[in-house]
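I have placed the structure first, in the form of structure tokens, so that the comments after it can refer back to it.
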Amino acid sequence: MTNLHRRWGGVFLVAIVFIVLTYNHYRDNLASLAPEQVKQETPAGEIRVLGMVQGGTLETRGAGEATFALLGKSATLPVHYQGPPPDNLRELKILILIGTWNADRQVFEAHDIGIVPNYGFIAGAYLLGLLPLALLLFAMTRRVHSLYEEIKASTLYEEE
Amino acid sequence: MTIHRVIRKVQRFEGWFGGGALLCLIAGLYLGLIGSPPDYYQGEVVRIMYIHVPLAHTSLLGYTILAAGSLWYLWKRDPIVDNMCQAVAALSAVFTALALGTGMIWGKPTWDTWWTWDARLTSFTVLLLILIGYLMLRTFVDDPEKEARYGAILAIVGFVDLPIIHFSVEWWRTLHQPQSISMRGVSISSGLLVPLLFMSVGMSLLFSYMLMVRTQLLYLDRLLHAKKGRLLSQFHLSKSDS
């Protein structure tokens, strides 16, 4: 256990703690259901549904009200949206709807619309940016240490 | 020589650079990934900016150091400056490649393409090619003095690419967005600016720290070679004397 390893162990621990904290922060936003899941499982309470606005179904009524069908892989979900005026609501747009599933009327009552967060791309970019730098720095510091040792040891010429 | 004294003085604060980089990067990552709001148009993907832009800035900073060091080397022929040039070129190449990579990951969700021959992207790729060419040239030439001289000339000639990269978003209005922070002012909201500043400072500190470590590495390598060579010749001298 050299000084070098202790220092890098610290950096590693900090990185792990940070990744766990970030994951916890986003865990609630990560989960979203598909339209077919909503139809089968009829979940209660507020849920997030990911799907595409089906072409030719979007009807807007006034500023903050719209009805459309949300297209999943194997099922479509009738949606009634009422909330702040949606800027991102277009036909064929993939989005996340936040609201509740009304099982009696078989309609999803959405009150907010979010853009697809693309967390995979973000995580990929940060890993690609930081991981190689950390590995390179670790390799370089280790090499410097070994070079110091080698120079210290090479005071005498050894006959072959 | 003065530059030796400067390097030795800066080297003494090496740990401060590393520690400062770690603190700044942690603060920047926290603010960027957790503390800052998502962008109105781009949503969460805008967070890639906090890693992509600092990497790109730092690689340009690295090339500037390389060109300045090469000029200094041609003037003073100082071997430690040459070691620094070689170190900064390798690190700049890594940072440039990572800036291109993170930019590609950002391009996929926003432009719906991994790659396009946009002016900024193309000139940045040319920078990477110049750096790879520089490193290859250094491995191909055997004589260390010639190697350093040819490399320095290539680095200075390659500096032409830097203004092209900088102004590419203004000269050719293509896909890449223009600078948000320039002489004309800051066109970016403060919620996004603060983490970007932390990450930029942290990345520059990290680059400086890595540069110190790598310069040291190359210097020690040269020292070891010289030491082995001298010991060898001493051994032969003592043999021939007796």
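For the protein sequence lines, the chains are A and B, in the order given.
Taking our numbering, I'd label the letters of the first sequence as residues 42 to 201.
Taking our numbering, I'd label the letters of the second sequence as residues 264 to 505.
Note that CB positions come from ideal geometry on N, CA and C, so glycine has one too.
Query                                                                                                                          : Result
Minimum Cβ-Cβ distance from A166 of chain A to chain B less than 7 Å                                                           : yes
Interface partners of E307 of chain B on chain A, CB under 7 Å                                                                 : P158, N159, Y160 and I163
DSSP state of G421 of chain B mapped onto helix, strand, coil                                                                  : helix
S322 of chain B burial status per 10 Å Cβ neighbour count (16 or more: buried)                                                 : buried
As assigned by DSSP and simplified to three states, the class of G86 of chain A                                                : coil
Beta-ladder partner(s) of W142 of chain A, from DSSP                                                                           : A:F149
Bounding residues of the beta strand (DSSP E) (the contiguous stretch that carries V224 of chain A)                            : Summary: the structure shown does not reach residue 224 of chain A, with chain A confined to residues 42 through 201, and so no result is reported for it.
Residues that P372 of chain B contacts on chain A, provided the C-beta gap is smaller than 7 Å                                 : N159 and F162
Whole runs of the alpha helix (DSSP H) within the region 303 to 347 of chain B, excluding any shorter than 4 residues          : 312 to 339
Residues, ordered as in the chain, of the region 350 to 376 of chain B that lie near chain A by beta-carbon distance below 7 Å : V357, L361, G364, T365, I368, W369, K371 and P372
Rounded Cβ spacing between T373 of chain B and V308 of chain B (contact assumed at less than 8 Å)                              : 6 Å
For G105 of chain A, the three-state DSSP class (helix, strand or coil)                                                        : coil
Interface flag, L459 of chain B vs chain A, CB-CB below 7 Å                                                                    : no
Min CB distance I192 of chain A to chain B below 7 Å                                                                           : yes
Buried or exposed by the 16-neighbour rule on C-beta atoms within 10 Å, applied to M399 of chain B                             : exposed
Exposure of R146 of chain A, with buried meaning 16 or more beta-carbon neighbours within 10 Å                                 : exposed
Y482 of chain B beta carbon less than 7 Å from that of M415 of chain B                                                         : The question names Met, but residue 415 of chain B in the sequence shown is Ala. In this structure, Y482 of chain B does not lie closer than 7 Å to A415 of chain B by Cβ.
Residue span of the alpha helix (DSSP H) that contains F403 of chain B, given as start and end                                 : A382 to F403
Spatial distance of A164 of chain A from M347 of chain B (CA atoms)                                                            : 33 Å
Three-way DSSP call (helix, strand, coil) for L177 of chain A in this model                                                    : helix
DSSP state of G454 of chain B mapped onto helix, strand, coil                                                                  : helix
Alpha-carbon to alpha-carbon, F162 of chain A and W369 of chain B                                                              : 7 Å
Cβ contact check for the region 131 to 138 of chain A and the region 94 to 114 of chain A: 3 or more pairs under 8 Å           : yes
Interface residues of chain B facing P131 of chain A [CB-CB closer than 7 Å]                                                   : Note on identity: in this sequence residue 131 of chain A is Arg, with Pro being the wrong assignment. Residues of chain B passing the Cβ test: none, with the nearest at roughly 14 Å.
Host alpha helix (DSSP H) of R48 of chain A (start-end)                                                                        : N44 to L71
Exposure of V344 of chain B, with buried meaning 16 or more beta-carbon neighbours within 10 Å                                 : buried
Beta-carbon proximity of L469 of chain B to G170 of chain A, cut-off 7 Å                                                       : no
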